[in-house]
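First comes the structure, then the notes that go with it.
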């Protein structure tokens, strides 16, 4: 091999792509699922399926406010999330170090609804942004992987530059395996180039303070503890409903997302879905008499840049159609990266077949490519199979996710180190097929008696996606069997 | 693959990353000093855009002697300027 | 509806682009010549898609336009792959 540009870029693409790709497949898959985190959370709370659709009343808001104040007087750092089109209930939330969790309230009267404790889709959000490893090291690793993704994309474009346009749609799934995987990687990579670059760049900018702590005022990540634990506020408190009406006069009707409670003040924050730029504009009121004491808006121009980056990345303002477009691009992007991992392994199997290093690489690649979807499905199964009243239920549910993933890793290791790589892929594809295809049945059985209806809602969407991935895995394992 | 070539490219990559990071920091310390303090998000977004460009650019440089020492030598003036 | 129209426009435009590529033409056993329809399609339809997406507010319109390019391209690539298989020439290259 000669030391020429194409080979140097090939080396860079292969190694940065593989090492970074092991993280990126997790981050990309997690991020793709996190696009529908609210919907997944609702799927994991089947008790709420029976709740009739209803607008929030002033009485409910005031009742919820009283509950929040009571909790804050006990030193709990909680806030109130208002109903939205995606999540039509009131929630009293606190950050547990990984997700915002807390009791669910009826939007009609503010009474507590019986619902199981869960982290829901926010597990995938945490996995996406920090690999569930916290806001320091986890963020740093995903940040480095994001930069690695941009490097891999740039080097890949340089390698493939001459055929970028002519091979844009050249996909030969029935050619030799190496060629078919390469075609899939190239077609998906080039077609998704704008999406992948945009997501990698905006994601890296959002967590840039981790990489460049000396530039700017630090990272916005939330600490896991109770920062206001020493704070004590004593009533009486003004009702929240008149404050909401005033806040809506400022930001627009239906554009308030959540309410934060400070020492002597109540702040109504504009919803993330209200605008493209995700700024934390808010109206502050006196907690004792409900008087408007100030409005903070992020101005136009440079101060909105960070909000625009977040808006592009999280698309909480987006329509369902745009969210589905992101979802499809995210799924295909994850598959493209997985195809890259497979190509790397195929190339090195010829020379390093049977070595420890290659077996380790095969194990890790399989654990992130199929082990993660398997663990995600296991998480959904665990959500319905664990008893609703279980102590520390959210932790147990998360434990199911990591346990299934660990089992997938151990299985991959045993098979790959035993020289049975293809059966390892087939086994895990079969497991995905079983869990994916079985999820709609589980949903129908475990949601029976609440509100089992066949119409377009979050339950049908999650079931259909799981079934789709299950069928895809079934087809994939048949391809693996035939290719023997 | 030739083991020597692999090691050389790995060294070059490591040097490129270190140099790109230092260069980016130096460049923006310099820019913020001259421009009287740029917006932090703008600086960070530019840094994130520049960093991979510099890494790929340095890895693409031809020649056997473009080792890590050369990159460090390139980065030193930036640190001095900042 | 706008997303669907944009998706169809991009799918057809990129199919036209694919049909103009020598490698794909060989796989599809299409002879020489300079077909006009695919050329016009790949030039005009993306602009039609842009015009349709422009009815949405910014930056939603740009994101939908670019997103439907990606998904439309994947669909077009899939259709061309199926067509290659259907014509009975699965190449082992």
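Chains as they are written, first to last, in the working numbering: chain A, 3 to 486; chain B, 390 to 471; chain C, 1173 to 1265.
Heads up, the beta-carbon is just placed ideally off N, CA and C, and yes, glycines get one too.
Remember, it's a predicted structure, so these values are computed and weren't measured experimentally.
Quick one: give me the first and last residue of the alpha helix (DSSP H) that residue i is part of.
{"i": "residue 434 of chain B", "result": "429-449"}
{"i": "residue 9 of chain A", "result": "7-36"}
{"i": "residue 97 of chain A", "result": "Segment 92-97 is the beta strand (DSSP E) holding residue 97 of chain A; no alpha helix (DSSP H) there."}
{"i": "residue 378 of chain A", "result": "374-387"}
{"i": "residue 141 of chain A", "result": "141-162"}
{"i": "residue 82 of chain A", "result": "Looking at the DSSP string, residue 82 of chain A is not in any alpha helix (DSSP H); the run it does join, the beta strand (DSSP E), is 81-83."}
{"i": "residue 309 of chain A", "result": "307-316"}
{"i": "residue 296 of chain A", "result": "Where residue 296 of chain A is concerned, there is no enclosing alpha helix (DSSP H), although the beta strand (DSSP E) it sits in stretches over 294-298."}
{"i": "residue 65 of chain A", "result": "60-75"}
{"i": "residue 1178 of chain C", "result": "1174-1191"}
{"i": "residue 86 of chain A", "result": "Looking at the DSSP string, residue 86 of chain A is not in any alpha helix (DSSP H), and its letter there is neither H nor E."}
{"i": "residue 45 of chain A", "result": "39-45"}
{"i": "residue 1202 of chain C", "result": "It is not in any alpha helix (DSSP H) - residue 1202 of chain C carries neither H nor E in the DSSP assignment."}
{"i": "residue 1257 of chain C", "result": "1232-1258"}
{"i": "residue 253 of chain A", "result": "242-253"}
{"i": "residue 1212 of chain C", "result": "1208-1225"}
Leaving out five residues on either side along the sequence, give the residues of the same chain with a beta carbon under 6 Å from the beta carbon of residue i.
{"i": "residue 42 of chain A", "result": "122 and 123"}
{"i": "residue 71 of chain A", "result": "239"}
{"i": "residue 370 of chain A", "result": "24, 27 and 28"}
{"i": "residue 141 of chain A", "result": "132, 209 and 212"}
{"i": "residue 14 of chain A", "result": "157"}
{"i": "residue 1218 of chain C", "result": "1185"}
{"i": "residue 1214 of chain C", "result": "1185, 1188 and 1189"}
{"i": "residue 442 of chain A", "result": "465 and 469"}
{"i": "residue 11 of chain A", "result": "157, 160 and 161"}
{"i": "residue 266 of chain A", "result": "289"}
{"i": "residue 1191 of chain C", "result": "1210"}
{"i": "residue 1255 of chain C", "result": "none"}
Spatial neighbours of residue i within its chain, please: C-beta separation below 7 Å, excluding the five flanking residues on both sides.
{"i": "residue 90 of chain A", "result": "55 and 109"}
{"i": "residue 396 of chain A", "result": "103, 119, 120 and 121"}
{"i": "residue 478 of chain A", "result": "431"}
{"i": "residue 444 of chain A", "result": "383 and 386"}
Taking the alpha-carbon positions, what's the residue i to residue j distance?
{"i": "residue 69 of chain A", "j": "residue 311 of chain A", "result": "35 Å"}
{"i": "residue 226 of chain A", "j": "residue 361 of chain A", "result": "In this predicted model, residue 226 of chain A has a pLDDT of only 39, less than 50, meaning its place in the structure is not dependable enough to derive any value."}
{"i": "residue 350 of chain A", "j": "residue 389 of chain A", "result": "46 Å"}
{"i": "residue 178 of chain A", "j": "residue 474 of chain A", "result": "20 Å"}
{"i": "residue 428 of chain B", "j": "residue 182 of chain A", "result": "47 Å"}
{"i": "residue 308 of chain A", "j": "residue 280 of chain A", "result": "8 Å"}
{"i": "residue 232 of chain A", "j": "residue 78 of chain A", "result": "Note that residue 232 of chain A scores 46 on pLDDT, short of 50, meaning its location in the model is unreliable; the coordinates nonetheless yield the value given after this. If I take the Cα positions, the gap works out to 10 Å."}
{"i": "residue 244 of chain A", "j": "residue 53 of chain A", "result": "26 Å"}
{"i": "residue 428 of chain A", "j": "residue 441 of chain B", "result": "37 Å"}
{"i": "residue 67 of chain A", "j": "residue 112 of chain A", "result": "9 Å"}
{"i": "residue 137 of chain A", "j": "residue 348 of chain A", "result": "35 Å"}
{"i": "residue 394 of chain A", "j": "residue 406 of chain A", "result": "19 Å"}
{"i": "residue 425 of chain A", "j": "residue 1232 of chain C", "result": "45 Å"}
{"i": "residue 202 of chain A", "j": "residue 438 of chain B", "result": "11 Å"}
{"i": "residue 409 of chain B", "j": "residue 446 of chain B", "result": "10 Å"}
{"i": "residue 402 of chain A", "j": "residue 412 of chain A", "result": "15 Å"}
{"i": "residue 127 of chain A", "j": "residue 278 of chain A", "result": "20 Å"}
{"i": "residue 7 of chain A", "j": "residue 398 of chain B", "result": "11 Å"}
{"i": "residue 1236 of chain C", "j": "residue 324 of chain A", "result": "6 Å"}
{"i": "residue 406 of chain B", "j": "residue 443 of chain B", "result": "8 Å"}
{"i": "residue 46 of chain A", "j": "residue 163 of chain A", "result": "45 Å"}
{"i": "residue 394 of chain B", "j": "residue 260 of chain A", "result": "57 Å"}
{"i": "residue 286 of chain A", "j": "residue 248 of chain A", "result": "10 Å"}
{"i": "residue 76 of chain A", "j": "residue 96 of chain A", "result": "13 Å"}
{"i": "residue 19 of chain A", "j": "residue 186 of chain A", "result": "16 Å"}
{"i": "residue 30 of chain A", "j": "residue 303 of chain A", "result": "30 Å"}
{"i": "residue 107 of chain A", "j": "residue 297 of chain A", "result": "28 Å"}
{"i": "residue 306 of chain A", "j": "residue 1238 of chain C", "result": "23 Å"}
The beta strand (DSSP E) with residue i in it runs from where to where?
{"i": "residue 122 of chain A", "result": "Counting along the chain, residue 122 of chain A falls outside any beta strand (DSSP E), and DSSP gives it neither H nor E."}
{"i": "residue 271 of chain A", "result": "267-272"}
Going by DSSP, name the residue or residues bridged to residue i.
{"i": "residue 258 of chain A", "result": "A:272"}
{"i": "residue 288 of chain A", "result": "A:267"}
{"i": "residue 107 of chain A", "result": "A:92 and A:114"}
{"i": "residue 102 of chain A", "result": "A:97"}
Excluding sequence positions up to five away, which residues of its chain have a Cβ less than 8 Å from the Cβ of residue i?
{"i": "residue 224 of chain A", "result": "With a pLDDT of 48 at residue 224 of chain A, under the threshold of 50, the modelled position of that residue is not reliable, and the figure given next carries that caveat. Closer than 8 Å at the Cβ level, and outside the excluded window around residue 224 of chain A, lie 97 and 137."}
The stretch 148-159 of chain A contacting the stretch 76-86 of chain A, beta-carbon criterion three pairs below 8 Å: no
Any 3 or more C-beta pairs closer than 8 Å across the stretch 318-334 of chain A and the stretch 270-288 of chain A: yes
Cβ pair count under 8 Å reaching 3, the stretch 430-441 of chain B against the stretch 1174-1181 of chain C: no
Cβ pair count under 8 Å reaching 3, the stretch 332-345 of chain A against the stretch 190-197 of chain A: yes
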